[in-house]
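What follows is a set of notes on a single structure, which appears directly below.
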(Lines of atoms letter the chains of each structure in order from A; the text may use other names.)
(Lines give C-alpha, C1' and ligand atoms only; values in the text may rest on other atoms or scores of the structure.)
Protein backbone atom coordinates (compact mmCIF):
# COMPACT_ATOMS: atom_id res chain seq x y z
CA UNK A 1 0.00 0.00 0.00
CA UNK A 2 1.27 3.48 -0.89
CA UNK A 3 0.12 6.06 1.63
CA UNK A 4 0.75 9.78 1.95
CA UNK A 5 0.15 11.85 5.07
CA UNK A 6 -1.18 15.29 4.13
CA UNK A 7 -0.21 17.99 6.64
CA UNK A 8 -1.48 21.56 6.08
CA UNK A 9 0.72 24.29 7.55
CA UNK A 10 0.70 28.00 8.17
CA UNK A 11 3.38 29.37 10.50
CA UNK A 12 4.26 25.96 11.97
CA UNK A 13 8.04 26.44 12.12
CA UNK A 14 7.97 25.63 15.84
CA UNK A 15 6.34 22.23 15.32
CA UNK A 16 6.81 20.84 11.80
CA UNK A 17 10.33 19.53 12.40
CA UNK A 18 9.23 17.52 15.45
CA UNK A 19 6.26 16.11 13.55
CA UNK A 20 8.44 14.95 10.66
CA UNK A 21 10.78 13.23 13.12
CA UNK A 22 7.81 11.52 14.80
CA UNK A 23 6.61 10.28 11.42
CA UNK A 24 10.09 9.08 10.48
CA UNK A 25 10.07 6.95 13.66
CA UNK A 26 6.66 5.51 12.73
CA UNK A 27 7.52 4.48 9.15
CA UNK A 28 9.17 1.13 10.07
CA UNK A 29 6.10 0.19 12.14
CA UNK A 30 3.66 0.22 9.23
CA UNK A 31 4.34 -3.20 7.62
CA UNK A 32 3.52 -3.47 3.95
CA UNK A 33 3.06 0.31 3.68
CA UNK A 34 5.21 2.80 1.80
CA UNK A 35 4.59 5.86 3.97
CA UNK A 36 5.32 9.39 2.72
CA UNK A 37 4.43 12.92 3.83
CA UNK A 38 3.10 15.87 1.85
CA UNK A 39 3.31 19.22 3.64
CA UNK A 40 0.87 21.74 2.13
CA UNK A 41 2.09 25.19 3.11
CA UNK A 42 0.16 28.41 2.56
CA UNK A 43 3.20 30.68 2.10
CA UNK A 44 4.16 30.77 5.79
CA UNK A 45 6.38 33.79 6.55
CA UNK A 46 8.03 32.07 9.55
CA UNK A 47 10.30 29.66 7.68
CA UNK A 48 8.11 26.55 7.75
CA UNK A 49 9.02 25.71 4.15
CA UNK A 50 12.73 26.14 4.84
CA UNK A 51 12.54 23.58 7.67
CA UNK A 52 10.68 21.10 5.47
CA UNK A 53 13.22 21.47 2.65
CA UNK A 54 16.11 21.00 5.10
CA UNK A 55 14.77 17.69 6.40
CA UNK A 56 16.97 14.68 5.49
CA UNK A 57 13.97 12.94 3.92
CA UNK A 58 13.03 15.84 1.65
CA UNK A 59 12.41 14.79 -1.96
CA UNK A 60 12.55 11.15 -0.85
CA UNK A 61 9.59 10.53 1.47
CA UNK A 62 8.95 14.15 2.52
CA UNK A 63 7.35 16.38 -0.12
CA UNK A 64 6.22 20.01 -0.16
CA UNK A 65 3.29 21.63 -1.94
CA UNK A 66 3.91 25.38 -1.69
CA UNK A 67 0.77 27.45 -2.19
CA UNK A 68 0.90 31.17 -2.99
CA UNK A 69 -1.23 32.46 -0.10
CA UNK A 70 -3.24 31.54 2.98
CA UNK A 71 -6.58 30.25 1.74
CA UNK A 72 -8.13 28.27 4.58
CA UNK A 73 -7.77 24.78 6.01
CA UNK A 74 -10.33 23.20 3.69
CA UNK A 75 -8.70 24.62 0.57
CA UNK A 76 -5.26 23.41 1.71
CA UNK A 77 -6.58 19.91 2.33
CA UNK A 78 -8.35 19.79 -1.03
CA UNK A 79 -5.12 20.79 -2.77
CA UNK A 80 -3.19 18.11 -0.90
CA UNK A 81 -5.80 15.43 -1.50
CA UNK A 82 -5.95 16.29 -5.21
CA UNK A 83 -2.17 15.98 -5.48
CA UNK A 84 -2.29 12.63 -3.67
CA UNK A 85 -5.03 11.29 -5.96
CA UNK A 86 -3.12 12.43 -9.05
CA UNK A 87 0.05 10.72 -7.76
CA UNK A 88 -1.78 7.40 -7.43
CA UNK A 89 -1.52 6.79 -3.68
CA UNK A 90 -3.75 4.03 -2.29
CA UNK A 91 -4.46 5.81 1.00
CA UNK A 92 -4.35 9.33 2.42
CA UNK A 93 -3.93 10.30 6.07
CA UNK A 94 -4.73 13.83 7.20
CA UNK A 95 -3.30 15.24 10.42
CA UNK A 96 -2.36 18.51 12.11
CA UNK A 97 1.19 19.85 12.11
CA UNK A 98 1.20 20.88 15.75
CA UNK A 99 1.73 17.48 17.38
CA UNK A 100 -1.82 17.23 18.73
CA UNK A 101 -2.46 14.01 16.81
CA UNK A 102 -0.34 11.01 17.87
CA UNK A 103 1.85 9.89 14.98
CA UNK A 104 2.11 6.51 16.71
CA UNK A 105 -1.56 5.84 15.85
CA UNK A 106 -0.96 5.93 12.08
CA UNK A 107 -0.07 2.21 11.68
CA UNK A 108 -3.22 1.16 13.56
CA UNK A 109 -5.34 3.48 11.42
CA UNK A 110 -3.90 2.00 8.22
CA UNK A 111 -4.51 -1.53 9.47
CA UNK A 112 -8.18 -0.67 10.14
CA UNK A 113 -8.37 0.93 6.70
CA UNK A 114 -8.00 -2.52 5.13
CA UNK A 115 -11.62 -3.19 6.14
CA UNK A 116 -12.95 0.40 6.20
CA UNK A 117 -13.27 3.33 3.83
CA UNK A 118 -12.46 6.00 6.41
CA UNK A 119 -10.80 5.69 9.83
CA UNK A 120 -11.23 8.58 12.26
CA UNK A 121 -8.90 9.21 15.19
CA UNK A 122 -11.59 9.83 17.79
CA UNK A 123 -11.60 11.62 21.13
CA UNK A 124 -15.20 10.64 21.83
CA UNK A 125 -15.32 6.86 21.73
CA UNK A 126 -14.35 4.59 24.63
CA UNK A 127 -10.62 4.98 25.23
CA UNK A 128 -10.36 8.34 23.47
CA UNK A 129 -9.53 11.50 25.41
CA UNK A 130 -7.93 14.93 25.37
CA UNK A 131 -4.95 16.19 27.37
CA UNK A 132 -4.09 19.76 28.26
CA UNK A 133 -7.51 21.24 27.58
CA UNK A 134 -9.22 23.46 30.16
CA UNK A 135 -12.78 22.55 31.09
CA UNK A 136 -14.20 25.32 28.87
CA UNK A 137 -12.40 24.00 25.77
CA UNK A 138 -13.59 20.45 26.45
CA UNK A 139 -17.15 21.67 26.89
CA UNK A 140 -17.06 23.67 23.65
CA UNK A 141 -15.66 20.73 21.68
CA UNK A 142 -18.25 18.35 23.10
CA UNK A 143 -21.03 20.85 22.33
CA UNK A 144 -19.80 21.35 18.74
CA UNK A 145 -19.78 17.62 18.12
CA UNK A 146 -23.19 17.13 19.71
CA UNK A 147 -24.60 20.00 17.63
CA UNK A 148 -23.24 18.61 14.34
CA UNK A 149 -24.36 15.06 15.16
CA UNK A 150 -27.83 16.20 16.17
CA UNK A 151 -28.50 18.61 13.32
CA UNK A 152 -27.08 16.37 10.56
CA UNK A 153 -28.23 13.06 12.11
CA UNK A 154 -24.72 11.59 12.14
CA UNK A 155 -23.61 8.36 13.80
CA UNK A 156 -19.93 9.33 14.03
CA UNK A 157 -18.96 10.39 17.55
CA UNK A 158 -16.07 12.72 16.65
CA UNK A 159 -17.33 14.67 13.65
CA UNK A 160 -14.73 17.44 13.96
CA UNK A 161 -11.61 15.27 14.20
CA UNK A 162 -8.87 16.33 11.80
CA UNK A 163 -6.99 13.04 12.16
CA UNK A 164 -8.30 10.62 9.52
CA UNK A 165 -7.21 7.93 7.10
CA UNK A 166 -8.98 7.57 3.75
CA UNK A 167 -8.91 4.99 1.03
CA UNK A 168 -8.24 7.04 -2.08
CA UNK A 169 -11.34 5.73 -3.83
CA UNK A 170 -13.39 6.86 -0.81
CA UNK A 171 -12.14 10.42 -1.31
CA UNK A 172 -13.86 10.45 -4.70
CA UNK A 173 -16.96 8.64 -3.42
CA UNK A 174 -17.46 11.20 -0.64
CA UNK A 175 -16.84 14.15 -2.95
CA UNK A 176 -14.02 15.50 -0.79
CA UNK A 177 -12.47 17.45 -3.66
CA UNK A 178 -15.74 19.26 -4.38
CA UNK A 179 -16.57 20.33 -0.81
CA UNK A 180 -17.03 24.02 -0.15
CA UNK A 181 -15.86 24.57 3.44
CA UNK A 182 -12.78 26.71 3.89
CA UNK A 183 -12.33 26.35 7.66
CA UNK A 184 -12.84 23.65 10.25
CA UNK A 185 -16.28 22.88 8.83
CA UNK A 186 -14.31 20.83 6.29
CA UNK A 187 -14.10 17.95 8.79
CA UNK A 188 -17.83 17.93 9.51
CA UNK A 189 -18.72 18.27 5.83
CA UNK A 190 -16.61 15.23 4.96
CA UNK A 191 -18.14 13.19 7.79
CA UNK A 192 -21.60 14.11 6.55
CA UNK A 193 -20.79 13.25 2.92
CA UNK A 194 -19.13 9.96 3.87
CA UNK A 195 -22.12 8.81 5.91
CA UNK A 196 -24.66 9.90 3.31
CA UNK A 197 -22.76 8.00 0.60
CA UNK A 198 -22.80 4.82 2.66
CA UNK A 199 -19.06 4.61 3.29
CA UNK A 200 -17.69 2.38 6.06
CA UNK A 201 -16.43 4.62 8.86
CA UNK A 202 -14.45 3.30 11.83
CA UNK A 203 -13.42 5.35 14.87
CA UNK A 204 -10.11 4.57 16.59
CA UNK A 205 -9.68 5.98 20.11
CA UNK A 206 -6.79 8.44 20.37
CA UNK A 207 -5.36 10.85 22.90
CA UNK A 208 -5.49 14.39 21.56
CA UNK A 209 -2.79 16.54 23.19
CA UNK A 210 -3.06 20.32 23.20
CA UNK A 211 -0.25 21.98 21.28
CA UNK A 212 2.66 23.26 23.37
CA UNK A 213 4.26 25.49 20.69
CA UNK A 214 2.91 27.92 18.13
CA UNK A 215 -0.61 29.26 18.12
CA UNK A 216 -3.98 27.61 17.58
CA UNK A 217 -5.84 28.58 14.39
CA UNK A 218 -9.23 28.03 16.06
CA UNK A 219 -11.11 31.29 16.65
CA UNK A 220 -14.67 32.26 17.48
CA UNK A 221 -15.23 33.31 13.87
CA UNK A 222 -14.06 29.91 12.61
CA UNK A 223 -16.39 28.11 15.03
CA UNK A 224 -19.33 30.34 14.06
CA UNK A 225 -18.72 29.66 10.37
CA UNK A 226 -18.76 25.91 10.97
CA UNK A 227 -21.97 26.12 13.02
CA UNK A 228 -23.79 28.14 10.36
CA UNK A 229 -22.65 25.74 7.63
CA UNK A 230 -24.02 22.74 9.53
CA UNK A 231 -27.44 24.38 9.74
CA UNK A 232 -27.33 25.38 6.07
CA UNK A 233 -26.47 21.81 5.02
CA UNK A 234 -29.36 20.37 7.00
CA UNK A 235 -31.84 22.89 5.62
CA UNK A 236 -30.63 22.09 2.10
CA UNK A 237 -31.12 18.39 2.79
CA UNK A 238 -34.67 18.94 4.02
CA UNK A 239 -35.52 21.11 1.01
CA UNK A 240 -34.17 18.48 -1.39
CA UNK A 241 -36.13 15.76 0.40
CA UNK A 242 -39.34 17.79 0.25
CA UNK A 243 -38.81 18.47 -3.45
CA UNK A 244 -38.26 14.77 -4.14
CA UNK A 245 -41.43 13.77 -2.28
CA UNK A 246 -43.61 16.46 -3.87
CA UNK A 247 -46.05 14.95 -6.42
CA UNK A 248 -45.45 16.06 -10.00
CA UNK A 249 -47.55 18.94 -11.23
CA UNK A 250 -50.56 18.02 -13.34
CA UNK A 251 -50.05 18.30 -17.07
CA UNK A 252 -51.60 21.47 -18.49
CA UNK A 253 -54.90 20.97 -20.27
CA UNK A 254 -55.18 21.68 -23.95
CA UNK A 255 -56.50 25.11 -24.71
CA UNK A 256 -59.83 24.87 -26.49
CA UNK A 257 -59.91 26.47 -29.89
CA UNK A 258 -62.71 28.92 -30.59
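In full-length UniProt numbering, the protein residues as written are 1 to 258.
In this text, a Cβ means the ideal position worked out from N, Cα and C, and glycines have one as well.
Check the DSSP bridge columns for residue 204 and list the partner residues they point to. 121
From the DSSP secondary-structure annotation, give me the bridge partner or partners of residue 38. 6, 63
So, with DSSP's three-state summary, where would you put residue 178? helix
Using 8 angstroms as the threshold, is the C-beta distance between residue 276 and residue 36 below it? Since the first residue shown for the chain is 1 and the last is 258, residue 276 is missing from the structure and cannot be characterised.
Based on Cα-Cα distance, which residue from 179, 108, 156 lies nearest to residue 75? Of the candidates 179, 108, 156, the one whose C-alpha sits nearest the C-alpha of residue 75 is 179.
Just mark residue 241 as buried or exposed, buried being the case when its beta carbon has 16 or more other beta carbons within 10 Å. exposed
To the nearest angstrom, how far is it from the Cα of residue 86 to the Cα of residue 1? 16 angstroms
Would you identify the three-state DSSP class for residue 133, choosing helix, strand or coil? coil
What are the partner residues of residue 16, as DSSP defines its beta bridges? Answer is none; residue 16 lacks a bridge partner.
Run through the DSSP bridge pairs and tell me what residue 165 is partnered with. Note: residue 165 sits in a beta bridge opposite 93, 119.
Contacts around residue 96, its chain only, beta-carbon distance under 6 angstroms, and the 5 residues preceding and following it disregarded: 162
Alpha-carbon to alpha-carbon, residue 137 and residue 91: 32 angstroms
I'd like the list of long-range same chain contacts for residue 10, defined as Cβ closer than 6 angstroms, with 5 residues on each side in sequence excluded. 42, 44, 70
Spatial neighbours of residue 105 within its chain, please: CB distance less than 8 angstroms, with the 5 preceding and 5 following residues excluded, ordered by chain position. 121, 163, 204, 206
Can you give me the Cβ contacts of residue 217 inside the same chain, cut-off strictly under 6 angstroms, excluding the 5 residues immediately before and after it? Bear in mind that a pLDDT of 49 at residue 217, under 50, signals an unreliable position, so the model cannot answer this.
Cβ neighbours of residue 27 in the same chain (closer than 8 angstroms, five flanking residues each side left out): 35, 61
Residue 209, DSSP secondary structure in three states: Strand.
Classify residue 217 as helix, strand or coil using the three-state DSSP reduction. Any reading at residue 217 must be qualified, since the residue scores a pLDDT of 49, below 50, and its modelled position is unreliable; no value is offered.
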